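Numbering (UniProt numbering), first residue to last: 1 to 176. What follows is a set of notes on a single structure, which appears directly below.
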C-alpha cells in the first residue's frame, strides 16, 4: 500500500526497513510520554508482525513508513488499526525521528491516513489518544482537523506516575 502526499510517501514496510524501525523505536524521545520503551526482542517481534500484517486479508492494521518524497528516506511511522468493528472506529498513531519534528510531516501523514480511512476503509470514526502532557501530539491532532472528545483521567502510567490521556476524533460526516 502507498499513499502519496505533497511531501511524503506513506508505504508498507519492507524487510529492508528493519534498521530504520529499530532506530525509531530505540529513540528515548519516542517514548518520553509512555510507560516503557520496548526492548530489542520486542522491537524485532513487532517488526516481523508489521511485515505479516501487510499481507493479511482483510487487513485490520496498517503500519506505514513515513518517507520523504524527495529522497524516499524513512523518517517516521504512522499507523491505523480497527479499534471497534461495530461502530467502524479506527485508531491512528504516529511517531517521527526527532530531527523531523515541527516540520508539519506528522500532520501531513495523519491527515492523509485519516482521509484514507474514510475513503477506503469505510471508517465512521477515527480516534487518537495521547498523554495529556504531549502538547506536540495534541497540536498534530488539531492541525489534522480532529475534534477533542475529552480527557481520560489517570488512564496511563508514565514515568512512575499516573497520567491523563487526551482523546481526539474525526467523524466521516465532518471529513467529506
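Backbone N, C-alpha and C define an ideal beta-carbon position, used for all residues, glycine too. Values in this document were obtained by computation on a predicted structure and should not be read as measured data.
Backbone secondary structure at residue i - three-state DSSP
i	result
residue 119	helix
Same chain, Cβ closer than 6 Å to residue i, neighbours up to 5 away in sequence not counted
i	result
residue 60	82
residue 154	162
residue 111	144
residue 37	31
residue 134	33
Contacting residues, own chain, Cβ-Cβ under 7 Å from residue i (five flanking each side not counted)
i	result
residue 95	24, 30, 76 and 77
residue 158	33, 34, 35 and 131
Sequence-distant residues of the same chain with beta carbon closer than 8 Å to residue i, five excluded per side
i	result
residue 117	80, 90, 92, 123 and 126
Integer Cβ distance of residue i from residue j, believed to fall under 8 Å
i	j	result
residue 148	residue 168	5 Å
residue 17	residue 65	6 Å
residue 87	residue 175	Contact flag wrong, Cβ pair sits at about 16 Å.
Whole-angstrom distance between residue j and residue i, CA atom to CA atom
i	j	result
residue 55	residue 103	32 Å
residue 107	residue 140	5 Å
residue 70	residue 7	7 Å
residue 2	residue 9	7 Å
residue 5	residue 42	31 Å
residue 58	residue 165	30 Å
residue 121	residue 109	16 Å
residue 179	residue 40	Not covered by the structure: residue 179. The range shown for the chain is 1 to 176.
residue 151	residue 137	14 Å
Check: residue i C-beta below 7 Å from any heavy atom of the ligand ADP
i	result
residue 24	In the structure on display, the ligand ADP does not appear, and there are no ligands present to speak of.
Legend entry - Secondary structure, alpha helix (DSSP H): runs of 4+ residues fully inside the UniProt domain "N-acetyltransferase" (8-164): Entirely contained in the UniProt domain "N-acetyltransferase" (8-164), the alpha helix (DSSP H) runs reaching 4 residues are, in chain order, 18-26, 40-53, 105-120 and 135-143.
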